[in-house]
Amino acid sequence: MYIFSNMTMSINRLRTEIMGGHDAGTHHQFTGIAKYFNSYTITGRRNCVLATYASIAALILFFKLKPKKQKAVKSS
Amino acid sequence: MMVSFFDQFASPSYLGIPLIAIAIALPWVLYPTPPARWINNRLITIQGWFINRFTNQLMLPLKVGGHKWALLLASLMIFLITINMLGLLPYTFTPTTQLSLNMGFAVPLWLATVIIGMRNQPTVALGHLLPEGTPIPLIPVLIIIETISLFIRPLALGVRLTANLTAGHLLIQLIATAVFVLLPMMPTVAILTAAVLFLLTLLEVAVAMIQAYVFVLLLSLYLQENV
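This is how it looks when you write it as structure tokens:
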């Protein structure tokens, strides 16, 4: 009886996995930072894109505004 | 004066007047305006049937917001297909072999689709730059790749049309020259080359129509993403 109920549970889990198929992105429940930055929901994807663009812009600005080292003039 | 195979692609001018304007205006002259009659003659009926059917097919995957583009895309298609077909006549100039003309169509229309997308649905437009289900380590790389592919689109549109038509016209001229040169020397080879030329001309007719269709179809696909 116990073995039979275990078999039923595992068959049900397998059926769910087979019928699961492609994730439509509507049943995700993200927590933490994944709620805002993920590649499944449209807002998550948008935030990832904006974050990447902001990082690239920050990198460019950093290297542009970095003070250049002046070479010390040697007296002869 | 050295005559080269690329002379056919030089923009024609006469006494300083650019004749490309006449070449561009020619398709407009060839399509009669339908008069206000219930039943027209056969030519105008076929013309109307073709334009209606093509526009219907093109607008099928688009939402209602994209239907405003029906006139623009249908007229662009008729224009390109007519210019491409006229260019296959001997001694004619094909405006669509000029990269400037094709980029002049591709860049503003592509930019319009991008601006429409960013203005009306910015979240969806930006979200499209990251494919769904991308693994986390690949996200920045894929965003950069998708951005590059977005900006490559107008270039690809323009260059595709230019390159296909230029290559086709060049091949026709090369093989025709080969037939002409071989005729006194090796008539059998010349006849075989003429057969190849005939098949190539048929191919170029197909390419002329297909390239015009592909140009307009891709623009409608870009619009579909943004509407």
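Protein chains in written order, with this note's numbering: chain Y, 88 to 163; chain E, 38 to 264.
No residue lacks a Cβ here, since even glycine has one placed at the ideal position from N, Cα and C.
Original post:
Considering only residues of the same chain and omitting the five flanking positions on each side of residue 123(Y), which have a CB-CB separation below 6 Å?
Top reply: 134
Original post:
Can a CB atom of chain E be found closer than 8 Å to the CB of residue 129(Y)?
Top reply: yes
Original post:
Run through DSSP, which three-state label would residue 189(E) get?
Top reply: Secondary structure of residue 189(E) (DSSP, three-state): helix.
Original post:
Hey, out of 115(E), 42(E), 216(E), whose CA is closest to residue 250(E)'s CA?
Top reply: Among 115(E), 42(E), 216(E), the Cα nearest to that of residue 250(E) belongs to 115(E).
Original post:
How about residue 118(E) and residue 132(E): do their beta carbons lie closer than 8 Å?
Top reply: no
Subject >> When 111(E), 58(E), 211(E), 166(E) are compared against residue 90(E), the one with the closest alpha-carbon >> reply: 111(E)
Original post:
Does DSSP put residue 127(E) in a helix, a strand or coil?
Top reply: The answer is coil: DSSP assigns residue 127(E) none of H, G, I, E or B.
Original post:
By DSSP, does residue 51(E) sit in helix, in strand, or in coil?
Top reply: strand
Subject >> Amino acids of chain E, ordered along the chain, whose beta-carbon sits closer than 9 Å to that of residue 137(Y) >> reply: 163
**OP:** Name, please, each residue of chain Y whose Cβ falls closer than 7 Å to the Cβ of residue 177(E).
**Re:** 139
Subject >> Rounded separation between residue 241(E) and residue 253(E) - CA only >> reply: 18 Å
Original post:
When DSSP labels each residue in this structure, what does residue 45(E) get in the three-state scheme?
Top reply: helix
Original post:
Between the C-alpha atoms of residue 70(E) and residue 146(E), what's the straight-line distance to the nearest angstrom?
Top reply: 26 Å
Original post:
Helix, strand or coil: which one does DSSP assign to residue 76(E)?
Top reply: coil
Subject >> Residue range of the alpha helix (DSSP H) that includes residue 233(E) >> reply: 224-263
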